[in-house]
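Let me begin by presenting the structure, written as structure tokens, before commenting on it.
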Ligand SMILES: Cc1cc2nc3c(=O)[nH]c(=O)nc-3n(C[C@H](O)[C@H](O)[C@H](O)COP(=O)(O)OP(=O)(O)OC[C@H]3O[C@@H](n4cnc5c(N)ncnc54)[C@H](O)[C@@H]3O)c2cc1C
């Protein structure tokens with residue numbers, strides 16, 4: 010048994026004996042994730058059901074100076090829920106209610122434990138959707154959205170944190186606060202025109218409080234969809250095409266993957282690409298209210314392709330099989346991006362360097378990453394996705410590796426850190442970064458930025474109990 014019985018008893022008094030434990034066998038699954046981050050056991054695992062229970066746990070943790078790590082399913086691929094300093098692992102899965110689906114105003118209110126599968130099924134009944142990624146369907150919508158998650162409507166609306174309309178949060182010191190319109194009425198429709206205090210809890214990877222309710226904008230499902238595909242010889246040509254096409258703002262998503270990411274599973278170790286195959290493949294999802302709208306978007310897309318070809322950009326025709334098209338238009342999907350597809354060729358390890366990067370630097374960084382990965386005998390399985398807002402987006406190198414072999418883990422870890430070193434000076438900002446990435450990027454950071462980050466963290470979490478160490482500054 011880990012932890013101590015006095016604390017365990019108090020936790021059990023708060024949540025009930027069944028929902029707090031220090032039994033090592035039960036806690037073991039919380040000690041690691043898919044990544045190369047070193048495992049560490051928590052001292053206690055606790056599963057609260059109510060906001061009031063969370064408040065009481067945080068007050069206890071403050072009194073006793075015990076770290077608290079918020080957790081739903083731990084699939085963040087960044088080691089973000091590994092309790093490096095032990096303490097209380099707070100699993101929020103039992104808080105799994107969809108509290109409201111308001112189609113009149115266009116938002117929904119969810120608890121942390123609501124999964125993508127549950128939310129998508131409930132919204133679909135009303136003819137609505139949210140931005141689904143290629144994550145496990147069992148993972149948390151809230152944990153995704155508050156950490157700048159990326160879903161299939163990113164070309165239309167941007168990333169999922171841009172869809173947040175209100176929130177309720179328990180501060181590290183135990184007080185509850187509502188943020189946005191819900192602070193003034195029971196309507197969860199907007200964070201605007203108020204001061205943007207939601208920013209204190211978005212992108213902070215569980216280090217500034219526990220978000221207990223989240224309002225998100227939802228979108229009506231458009232009945233007509235199509236997937237447009239094109240390949241390119243080089244990352245440079247693919248980027249030129251993507252930027253020209255996204256300028257028209259007609260698509261839900263435009264993504265490109267390197268040959269290695271297009272393979273199922275990703276080759277492990279590195280495998281050479283056949284010389285006659287293109288290096289890049291892209292898909293665009295378009296949607297509309299009528300066949301005419303889809304036909305218009307198809308026509309505009311063809312014009313872009315022809316215009317780019319006339320400028321010398323080498324684009325190659327290719328078609329997705331119907332199965333792959335369905336995977337792109339019927340997310341959340343069992344076909345696309347399931348964890349086993351990424352890592353089933355090896356021993357279950359998965360991590361990546363990336364991501365938010367100006368599009369103009371995607372090809373430059375890609376060529377450098379390719380050299381690093383081939384040197385490490387790993388496949389350069391890279392994805393580009395252009396987000397709405399400006400020409401920036403996901404530059405991500407999905408990396409399977411063999412977790413059973415410490416040398417293979419170290420090899421992947423070193424390769425990824427090299428990639429971060431290369432990307433940051435070219436404008437890349439890692440997304441949901443493991444602590445080791447923070448240690449690299451903070452070297453480049455503006456001192457005023459670090460000062461402000463630290464001040465805010467200290468102010469909200471004076472005893473440094475919330476997911477300590479994860480920001481690389483505290
Ligand atoms: C194969 C694969 C593909 C993926 N593809 C995508 C993708 O396309 N888009 C995408 O966005 N993500 C993707 N992910 C990452 C991840 O699966 C999703 O973001 C997921 O929704 C996160 O939910 P989770 O339950 O795993 O969160 P967790 O990993 O449990 O938590 C994530 C972070 O949020 C914090 N946290 C959790 N709950 C709270 C709370 N209530 N308050 C404050 N902090 C909290 C945790 O401490 C942690 O820092 C992918 C993962 C895998 C394995």
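Residue numbers (this note's numbering): 10 to 483.
Built from N, CA and C at the ideal position, the CB exists for glycine as well.
All values reported here derive from a predicted model rather than from experimental measurement.
So, for residue i: in the same chain, excluding its five sequence neighbours on each side, which residues have a beta-carbon less than 8 Å away from its beta-carbon?
i           : result
residue 103 : 28, 56, 57, 58 and 122
residue 299 : 233
residue 351 : 274, 275, 359, 407 and 409
residue 368 : 248, 251, 252, 393, 395, 400, 401 and 402
residue 381 : 424, 427, 428 and 431
Let's see if you can read the secondary structure: which residues bound the alpha helix (DSSP H) around residue i?
i           : result
residue 246 : 244-255
residue 275 : No alpha helix (DSSP H) contains residue 275, which DSSP labels as neither H nor E.
residue 129 : 125-134
residue 331 : 331-338
residue 420 : 415-432
residue 322 : It is not in any alpha helix (DSSP H) - residue 322 carries neither H nor E in the DSSP assignment.
residue 371 : 371-384
residue 187 : Note, residue 187: premise wrong, no alpha helix (DSSP H); beta strand (DSSP E) at 185-189.
residue 462 : 456-469
residue 34  : 33-36
Under a Cβ-count criterion, where at least 16 other Cβ atoms within 10 Å of its own Cβ denotes burial, should residue i be classed as buried or exposed?
i           : result
residue 419 : exposed
residue 134 : exposed
residue 149 : buried
residue 372 : buried
residue 479 : buried
residue 222 : buried
residue 172 : buried
residue 468 : exposed
What residue range is occupied by the uninterrupted beta strand (DSSP E) comprising residue i?
i           : result
residue 409 : 408-411
residue 388 : Taken as a continuous stretch (DSSP letters only), residue 388 belongs to no beta strand (DSSP E), as it is neither H nor E.
residue 7   : Any answer about residue 7 is impossible in this case: the structure gives the chain only from 10 up to 483.
residue 306 : Not the beta strand (DSSP E): residue 306 falls in the alpha helix (DSSP H), residues 300-319.
residue 176 : 173-179
residue 66  : Counting along the chain, residue 66 falls outside any beta strand (DSSP E), though it belongs to the alpha helix (DSSP H) covering 60-73.
residue 99  : 97-100
residue 1   : Residue 1 lies beyond the range of the chain shown here (10 to 483); nothing can be said about it.
residue 150 : Not the beta strand (DSSP E): residue 150 falls in the alpha helix (DSSP H), residues 150-155.
residue 262 : 262-267
residue 482 : Unbroken run through residue 482: none, as it is neither H nor E.
Would you please state the rounded distance, in angstroms, between the beta carbons of residue i and residue j? I believe it to be under 8 Å.
i           : j           : result
residue 358 : residue 43  : 6 Å
residue 229 : residue 288 : Not confirmed; about 37 Å, so no contact.
residue 24  : residue 476 : In fact, because the Cβ distance is near 19 Å, the residues do not count as touching under 8 Å.
residue 31  : residue 52  : 6 Å
residue 293 : residue 260 : 5 Å
residue 208 : residue 116 : Not really, about 19 Å apart at Cβ, beyond 8 Å.
Could you pull out every residue in the same chain whose Cβ sits closer than 7 Å to the Cβ of residue i, ignoring the five residues on either side in sequence?
i           : result
residue 210 : 155, 176, 178, 217, 218 and 220
residue 331 : none
residue 297 : 231, 233, 303 and 306
residue 87  : 44, 441, 442 and 443
residue 412 : 356, 357, 358 and 418
residue 374 : 366, 404, 431, 432, 435 and 437
residue 379 : 389
residue 447 : 480 and 481
May I ask you to check if the CB of residue i is nearer than 7 Å to at least one heavy atom of ligand 1?
i           : result
residue 299 : no
residue 79  : yes
residue 356 : no
residue 360 : no
residue 85  : yes
residue 468 : no
residue 351 : yes
residue 155 : yes
residue 59  : no
residue 215 : yes
residue 159 : yes
residue 43  : yes
residue 24  : no
residue 163 : no
residue 90  : yes
residue 372 : no
residue 119 : no
residue 421 : no
residue 185 : no
residue 294 : no
Counting only the same chain and skipping the five closest in sequence on each side, list residues whose C-beta sits under 6 Å from that of residue i.
i           : result
residue 107 : 119, 123 and 131
residue 344 : A caution first: residue 344 carries a pLDDT of 47, below 50, which makes its placement in the model unreliable, though a value can still be read off. Once the five neighbours on either side are set aside, the close Cβ partners of residue 344 are 336.
residue 235 : 295 and 303
residue 262 : 161, 163, 164 and 294
residue 12  : 31, 52 and 53
So is residue i in contact with chain C if we call contact Cβ pairs under 8 Å?
i           : result
residue 321 : In the displayed structure, chain C is absent; only one protein chain is listed.
Given the structure, does residue i come close to ligand 2, in the sense that its CB is under 7 Å from one of the ligand's heavy atoms?
i           : result
residue 144 : Among the ligands present in this structure, namely ligand 1, ligand 2 is not found.
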